[in-house]
Amino acid sequence: MPFKVIVAGGGPVGLTAAHALHRANIPFTLLEMRDRPAIDAGSNLVLNSVGLRALSQLGLFDELCKVSSELKDMNRMDHNGNDIGDVNWFHYERENFGTWPRVISRRDLTHTLYNMLPEAAKASILCNKKVSNVESTDSGVRVHCADGSIHEGSIIVGADGAHSPTRRSMRTLAAEHKSSDVNEEQPFLTTFRCLWFRFPGQAVPDLTLGTTAECHGPGAATQLFVGETTAVTGVYERLPKPRRERIRFTKEDEEAMVAKWSHLPIARGKQSHLTLGQAYATCTDSGLVTLEEGVLKHWHWNSRIVLVGDAAHKYTPSLGSGCNHGIVDIMALANELHRLPAEPSESALASAFGKYQDTRRDSTTQGCKESGVATDAATWGSGVAKIVDRWVIANTMAQKWFANKGAEKTAATIVFDYIPGEERMIGKKTWVNAIPTRVEA
Ligand SMILES: Cc1cc2nc3c(=O)[nH]c(=O)nc-3n(C[C@H](O)[C@H](O)[C@H](O)COP(=O)(O)OP(=O)(O)OC[C@H]3O[C@@H](n4cnc5c(N)ncnc54)[C@H](O)[C@@H]3O)c2cc1C
Numbered sequence: 003m004p005f006k007v008i009v010a011g012g013g014p015v016g017l018t019a020a021h022a023l024h025r026a027n028i029p030f031t032l033l034e035m036r037d038r039p040a041i042d043a044g045s046n047l048v049l050n051s052v053g054l055r056a057l058s059q060l061g062l063f064d065e066l067c068k069v070s071s072e073l074k075d076m077n078r079m080d081h082n083g084n085d086i087g088d089v090n091w092f093h094y095e096r097e098n099f100g101t102w103p104r105v106i107s108r109r110d111l112t113h114t115l116y117n118m119l120p121e122a123a124k125a126s127i128l129c130n131k132k133v134s135n136v137e138s139t140d141s142g143v144r145v146h147c148a149d150g151s152i153h154e155g156s157i158i159v160g161a162d163g164a165h166s167p168t169r170r171s172m173r174t175l176a177a178e179h180k181s182s183d184v185n186e187e188q189p190f191l192t193t194f195r196c197l198w199f200r201f202p203g204q205a206v207p208d209l210t211l212g213t214t215a216e217c218h219g220p221g222a223a224t225q226l227f228v229g230e231t232t233a234v235t236g237v238y239e240r241l242p243k244p245r246r247e248r249i250r251f252t253k254e255d256e257e258a259m260v261a262k263w264s265h266l267p268i269a270r271g272k273q274s275h276l277t278l279g280q281a282y283a284t285c286t287d288s289g290l291v292t293l294e295e296g297v298l299k300h301w302h303w304n305s306r307i308v309l310v311g312d313a314a315h316k317y318t319p320s321l322g323s324g325c326n327h328g329i330v331d332i333m334a335l336a337n338e339l340h341r342l343p344a345e346p347s348e349s350a351l352a353s354a355f356g357k358y359q360d361t362r363r364d365s366t367t368q369g370c371k372e373s374g375v376a377t378d379a380a381t382w383g384s385g386v387a388k389i390v391d392r393w394v395i396a397n398t399m400a401q402k403w404f405a406n407k408g409a410e411k412t413a414a415t416i417v418f419d420y421i422p423g424e425e426r427m428i429g430k431k432t433w434v435n436a437i438p439t440r441v442e443a
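When we follow my numbering, the leftmost residue of the sequence shown carries the number 3, and every step to the right adds one.
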């Protein structure tokens, strides 16, 4: 069988993998359990300069701009609606890298990712394919789906989210083969849960497009993003105690959470603040989900299975990093795969996966930690967290220091080293890794 990649999961990271593999001329089949390529539900996402630069290299920036809006300002209040100091993260990002972060719905992101694929790559995306098990064979992997279909490939890339079935199969195979690289059964810890809901944008009359509003205080924090026609808010709440096992919530759980926090102001108003309860009364779409946190110890099993995105690392959303980091995973993995010969040996594949893991594990561990610290600070998890949130972050000198520190790391982000293109993100900071220049024929 010629070398072929199976991708499990067609979320934002899996669909980015489809672009990357197509551009690397690597044959693939992507298996997605939903009945269509675009995700209709879910909260909005912020794409920062890291994610936008990678997607720009794939030729998607202009299309993404059409369906996303710039984020410029961030208002912050406490639970009583008192101003606790605005922050300028987005201004620093623009100054350093020449672009505002952009907020986009999951639907528009996945729709654009899918639509911008050439027809040949679209034909490699199969919906209604729920991966149930991965078998290792002499020449690669045999992937079983719930509908009884079987898909053969040389390797499988697990992009199937935080509860990844590919990760489960990887663990079983590693244990069966007496490998020392066996992950924990429940690798992520959940300390917070998140209620997100969408409501009509006109319900937030005093908040201009491009402004984010946050409400911080003991036990819960909110984050509101206003788009052209709709607004989406997330409510992060600390659980009574951290849990490892998966928790599923009901509509009654959601309503009880709204009742508990309905008084929270989620956007500043000239006359009065908009409360969570008022906004939820006009809600058109919602969900209550756990916010797992953690980074896997082992990102691959020998030369057969490798994990990307939320399957490998899961962050709280406070810093808007999870998906952006997942996109960087794809750059790192695709670069390794592209360097391999057309028919790579098992040892070459295992070594490529090892290099991919080494490139990504430290920075995702750091990203996960920083996101957790941000959620803890916003929910005033301790006296120190409250002081940091209330007084340190509110200080403009401190903001500048944190922003510059973050910008050093951002500037060192890798690129797709086999995709030539033009630099679109130009600011004060110089990118350490330049986008390869196009060689004219
Ligand atoms: C409230 C909230 C707000 C967030 N905000 C941001 C943000 O602003 N910025 C940011 O960068 N990140 C954000 N994140 C994180 C971001 O959503 C994730 O990091 C991102 O979605 C990960 O993408 P993924 O493709 O790895 O996984 P997922 O988005 O989970 O996609 C996995 C895909 O796999 C499919 N799948 C699952 N099981 C199977 C199976 N058995 N067979 C086949 N297919 C399967 C699913 O249907 C899905 O399409 C946020 C998360 C939450 C919860």
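We treat Cβ as the ideally placed atom computed from N, Cα and C, and that holds for glycine.
The structure displayed is predicted, hence computed values, not measured ones.
Residue i classed as buried or exposed, judged by whether at least 16 other C-beta atoms fall within 10 angstroms
i: Asn27; result: exposed
i: Pro319; result: buried
i: Ser393; result: Looking at the sequence provided, one finds Trp at residue 393 rather than Ser. Label assigned to Trp393: exposed.
i: Arg250; result: exposed
i: Asp110; result: buried
i: Ala20; result: buried
i: Ile268; result: buried
i: Gly150; result: exposed
i: Asp85; result: exposed
i: Arg444; result: Coverage of the chain is limited to positions 3 through 443, which leaves residue 444 absent and any answer about it impossible.
i: Asp162; result: buried
i: Ile389; result: exposed
i: Lys316; result: buried
i: Arg55; result: buried
i: Pro244; result: exposed
i: Arg246; result: exposed
i: Gln225; result: buried
i: Asn50; result: buried
i: His378; result: The sequence as given places Asp at residue 378; His does not occur at that position. Asp378 comes out buried.
i: Ala387; result: buried
i: Leu241; result: exposed
i: Arg440; result: exposed
i: Met445; result: Look at the range of the chain in this structure, 3 to 443, and you will see that residue 445 is not part of it.
i: Met172; result: buried
i: Ile152; result: exposed
i: Ser349; result: exposed
i: Pro422; result: exposed
i: Ser347; result: exposed
i: His265; result: exposed
i: Ala164; result: buried
i: His179; result: exposed
Cβ separation of residue i and residue j, assumed to be a contact under 8 Å, to the nearest whole Å
i: Val297; j: Arg363; result: 7 Å
i: Asp391; j: Ala380; result: 6 Å
i: Lys74; j: Phe92; result: 5 Å
i: Arg270; j: Asn77; result: 6 Å
i: Val434; j: Met333; result: Wrong, their Cβ atoms sit about 14 Å apart, outside the cutoff.
i: Leu278; j: Val206; result: Incorrect: roughly 12 Å between the Cβ atoms, too far for contact.
i: Ala313; j: Thr168; result: 6 Å
i: Val143; j: Ile8; result: 6 Å
i: Leu321; j: Glu372; result: 6 Å
i: Gln188; j: Ile437; result: Not really, about 39 Å apart at Cβ, beyond 8 Å.
i: His302; j: Gly369; result: His302 to Gly369, Cβ: 19 Å. No contact.
i: Thr114; j: Pro14; result: Contact flag wrong, Cβ pair sits at about 10 Å.
i: Glu239; j: Arg195; result: 6 Å
CB contact below 7 Å: residue i versus chain C
i: Thr366; result: Going by chain labels, chain C is absent from the structure shown, which holds only one protein chain.
| said: With three or more beta-carbon pairs closer than 8 Å as the criterion, would you say the region 335 to 348 touches the region 194 to 202? | reply: no
| task | Quick one: which unbroken alpha helix (DSSP H) runs of 4-plus residues sit fully inside the region 189 to 268? Chain order, please. | result | 253 to 263
| request: Spell out a yes or no on whether the region 22 to 40 and the region 120 to 128 are touching, meaning 3 or more CB-CB pairs, one atom from each, closer than 8 Å. | output: yes
| request: Say whether the region 53 to 71 touches the region 152 to 159, bearing in mind that this needs 3 or more beta-carbon pairs closer than 8 Å, one atom from each stretch. | output: Of all C-beta pairs linking the region 53 to 71 to the region 152 to 159, fewer than three are shorter than 8 Å, placing the two stretches out of contact.
| Would you call the region 210 to 218 and the region 369 to 384 touching, i.e. three or more CB-CB distances under 8 Å? | Contact check between the region 210 to 218 and the region 369 to 384: three or more CB pairs, one atom from each, fall below 8 Å, which counts as touching.
| query | Between the region 74 to 90 and the region 42 to 54, are three or more C-beta pairs nearer than 8 Å? | reply | Three or more beta-carbon pairs separated by less than 8 Å are not found between the region 74 to 90 and the region 42 to 54, which leaves the two stretches without contact.
| contact_flag[the region 100 to 109, the region 257 to 265] where n(CB pairs < 8 Å) is 3 or more | no
| message | So within the region 90 to 154, which uninterrupted beta strand (DSSP E) runs reach at least 3 residues, ignoring any that extend past its ends? | response | 104 to 107, 133 to 138 and 143 to 147
| request: Any chance you could list the alpha helix (DSSP H) runs of at least 4 consecutive residues sitting entirely within the region 287 to 341, in chain order? | output: 324 to 341
| Would the region 302 to 314 and the region 131 to 144 be scored as touching if the rule is three or more Cβ pairs under 8 Å? | Touching, per the Cβ criterion.
| request: Decide yes or no for the touch test of the region 321 to 335 against the region 5 to 24: beta carbon pairs closer than 8 Å, at least 3 of them. | output: Proximity of the region 321 to 335 to the region 5 to 24 meets the contact definition, three or more beta-carbon pairs being nearer than 8 Å.
| Whole alpha helix (DSSP H) runs in the region 397 to 427 with 4 or more residues, listed along the chain? | 398 to 413
| Every unbroken beta strand (DSSP E) within the region 150 to 189, with a cutoff of 3 residues, ordered by chain | With a minimum length of 3 residues, the continuous beta strand (DSSP E) runs that stay inside the region 150 to 189 are 152 to 155 and 157 to 160.
| Minimum length 3: unbroken beta strand (DSSP E) runs contained in the region 14 to 90 | 30 to 33, 46 to 49 and 75 to 80
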